[in-house]
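A.B. asks: Counting from 238, one number per residue, gives the positions in the sequence shown under this note's numbering.
The C-beta atom is built at its ideal place from N, Cα and C for all residues, glycine as well.
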Amino acid sequence: MTWKSKKAKDVMHKRVVVVRPEMLVQEVAKLFDDKGISGAPVVDVEGHLLGVVSKSDLVHHQRDGESDHFSFYKAGSGVEVLPKGYHMELPDRTRVREIMTPVIIQAKESTPVPHIARMMRRKHIHRVFIMDGKKMKGVVTTMDLLKLIEEGSERN
Numbered sequence: 238m239t240w241k242s243k244k245a246k247d248v249m250h251k252r253v254v255v256v257r258p259e260m261l262v263q264e265v266a267k268l269f270d271d272k273g274i275s276g277a278p279v280v281d282v283e284g285h286l287l288g289v290v291s292k293s294d295l296v297h298h299q300r301d302g303e304s305d306h307f308s309f310y311k312a313g314s315g316v317e318v319l320p321k322g323y324h325m326e327l328p329d330r331t332r333v334r335e336i337m338t339p340v341i342i343q344a345k346e347s348t349p350v351p352h353i354a355r356m357m358r359r360k361h362i363h364r365v366f367i368m369d370g371k372k373m374k375g376v377v378t379t380m381d382l383l384k385l386i387e388e389g390s391e392r393n
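1. Does the contact criterion of 3 or more C-beta pairs under 8 angstroms hold for the segment 356-366 versus the segment 264-271?
2. Consult DSSP for residue 317 and reduce its assignment to one of helix, strand or coil.
3. By DSSP, does residue 281 sit in helix, in strand, or in coil?
4. Can you name, in chain order, every residue of its own chain whose Cβ lies under 6 angstroms from the Cβ of residue 252, other than the five neighbours on each side?
5. To the nearest angstrom, report how far apart residue 380 and residue 369 are at their CA atoms.
6. If residue 258 sits next to residue 332, beta carbons under 8 angstroms apart, how far is it from one beta carbon to the other, in whole angstroms?
7. If you draw a straight line from the C-alpha of residue 255 to the C-alpha of residue 280, how long is it?
8. Tell me residue 250's beta-bridge partners as DSSP assigns them.
9. The beta strand (DSSP E) with residue 364 in it runs from where to where?
10. What's the C-alpha gap between residue 340 and residue 290?
11. Pick helix, strand or coil for residue 340, following the three-state DSSP scheme.
12. Note down the Cα distance separating residue 376 from residue 297, rounded to an integer number of angstroms.
13. Which residue marks the beginning of the alpha helix (DSSP H) containing residue 268, and which one marks its end?
Structure (structure tokens):
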């Protein structure tokens, strides 16, 4: 089966790290660092999808001056990114709900992978949430798509 014939259900992650809207941004940054992820869905107590928050949201929050004491650093680097091993200065009382993106691109388990790739490219996003009604079944990320391409090229 080539990547072009695969469906979302064939490539999605079923165990998805989620965050809550009331979490502090520094908690989310630590979670991203600990789990090695770059974003997560924001869900309410019933598990309903409310939005998405990413490392980009955290960086934009700091860069846009919305916070007095929130910044990413690595000793001596002066780089405003959050790769593994970077930390945040405290305190920042900003909650996820204040910086999350409420518009979420969704697909079904039966959605063809090429369609998901097209959505990601056109919308400039890195993750599509796979839904069954209001229930989140998984997520497909750009890294999943790159892995498919890599596996396909290794077979040829």
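C.D. replies: Once the coordinates are examined:
1. Taking 8 angstroms as the limit for Cβ pairs, the verdict is that the segment 264-271 does not touch the segment 356-366.
2. Residue confidence is low: residue 317 scores 42 on pLDDT, short of 50, so the model does not pin down where it sits. No coordinate-derived value is stated.
3. coil
4. none
5. 22 angstroms
6. 7 angstroms
7. Approximately 7 angstroms between the Cα atoms of the pair.
8. 376
9. 364-369
10. C-alpha separation (whole angstroms): 11 angstroms.
11. Residue state, collapsed to three classes: coil.
12. 23 angstroms
13. 262-272
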